[in-house]
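What follows is one structure encoded as structure tokens, with my remarks underneath.
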Amino acid sequence: MVLFDTHCHLNDPSFAQDAEAAYGRMLEAEVAHCAVIGYDLDSSRAAVAFAAVHPGSCAAVGIHPEHAQGYDTQMDEIEALLRRPEVRAVGEIGLDYHWETNPAREIQADACIAQMELACRYDLPACFHVRDSHADMLALMKANRKYLSGGIMHCFSGSWETAQEYLKLGYHISFAGPVTFKNARKLTVAAQRVPLDRLLIETDSPYMAPEPVRGGRNEPANVRFICAKIAELRGISTEEVARATTENARKLFRI
Ligand code: NI
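Quick note: the sequence shown uses our numbering, first residue 1, plus one each step.
Here is the structure:
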């Protein structure tokens with residue numbers, strides 16, 4: 001079995017002491033690949049530096065909506081990072097309306113569109129973070145169809161109806177820890193119905209640790225629990241979910 005964690009943050013300060021060890025545990029757990037995702041300029045640089053010396057990993061660079069304030073002064077450097085061979089996606093970008101202290105919605109939208117344009121220009125997939133904002137995200141995507149370059153709805157949190165909208169726009173749907181949680185009924189339906197060739201799995205580590213390790217610091221090795229849960233929900237083997245999701249991720253990230 002070969003697994004691919006399509007969204008982790010081994011570049012996060014919480015891995016400052018032991019990213020190497022976490023990467024080792026990942027390889028031991030049959031997770032041959034991970035995508036290390038940036039969320040601001042520093043973490044994007046760190047993602048590229050990590051991917052440059054860990055052949056099982058690749059990087060995404062971008063400005064997360066929570067960090068969108070002042071994004072325009074950072075686009076030149078994000079673009080420079082995009083030219084690095086380790087970089088296989090733009091992200092994470094998107095809209096996050098969860099916290100009142102987040103940047104104004106217009107700024108988040110501007111940052112998102114600017115980075116979708118970059119992804120399109122460099123022919124890279126984009127990795128989307130969408131929290132409490134699916135309606136606006138879909139409207140933004142439909143209004144900017146010329147910048148749609150495919151990519152990933154990361155840590156998908158919506159209904160099957162919402163998932164279908166993203167699928168129609170060409171995106172893949174990626175499931176993280178919440179699909180393993182006991183109260184995940186709405187997500188369960190989406191995880192059963194997303195076509196196998198559009199399905200991805202991820203940890204979003206250090207966040208979102210899945211059952212049975214919920215509550216602790218998450219790490220890429222735990223993507224096996226997401227794989228097993230989705231297999232159980234769909235009534236197919238874990239090997240089948242592993243094969244499909246890894247193939248999808250390799251195609252998307254061109255690995
Ligand atoms: Ni993330």
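Ideal placement from N, C-alpha and C gives every residue a C-beta, glycine not left out.
Cα-Cα separation between residue i and residue j, rounded to whole angstroms
i      : j      : result
Ser159 : Ala184 : 10 Å
Ala111 : Asp136 : 14 Å
Gly151 : Pro125 : 4 Å
Val130 : Leu41  : 20 Å
Cys155 : Val179 : 9 Å
Ala21  : Val31  : 14 Å
Lys182 : Ala176 : 14 Å
Ala114 : Leu140 : 12 Å
Tyr122 : Leu148 : 12 Å
Arg83  : Arg217 : 32 Å
Gly170 : Lys142 : 11 Å
Ala19  : Ala221 : 12 Å
Glu106 : Cys8   : 27 Å
Ile173 : Cys127 : 10 Å
Ala190 : Ser237 : 18 Å
Ala104 : Pro13  : 26 Å
Asn248 : Asp76  : 30 Å
Ala46  : Val61  : 9 Å
Opposing strand residues paired with residue i [DSSP bridges]
i      : result
His129 : Gly94
Phe4   : His33
Ile201 : Phe175
Ala89  : Ala60
Boundaries of the alpha helix (DSSP H) in which residue i is found, first to last residue
i      : result
Ala68  : Premise fails: Ala68 is in no alpha helix (DSSP H) and is neither H nor E.
Leu196 : That residue, Leu196, is in no alpha helix (DSSP H); it is neither H nor E in DSSP.
Met208 : Run containing Met208: none; DSSP gives neither H nor E here.
Ser237 : Note, Ser237: premise wrong, no alpha helix (DSSP H); not H, not E.
Glu20  : 19 to 28
Ser44  : 41 to 53
Arg121 : 105 to 121
Unbroken beta strand (DSSP E) run spanning residue i, endpoints
i     : result
Ala60 : 57 to 61
Exercise for the section: Mind listing, in chain order, the continuous alpha helix (DSSP H) runs of no fewer than 4 residues lying wholly within the stretch 144 to 190? Expected result: If one requires a minimum length of 4 residues, the alpha helix (DSSP H) runs lying completely within the stretch 144 to 190 are 160 to 168, in chain order.
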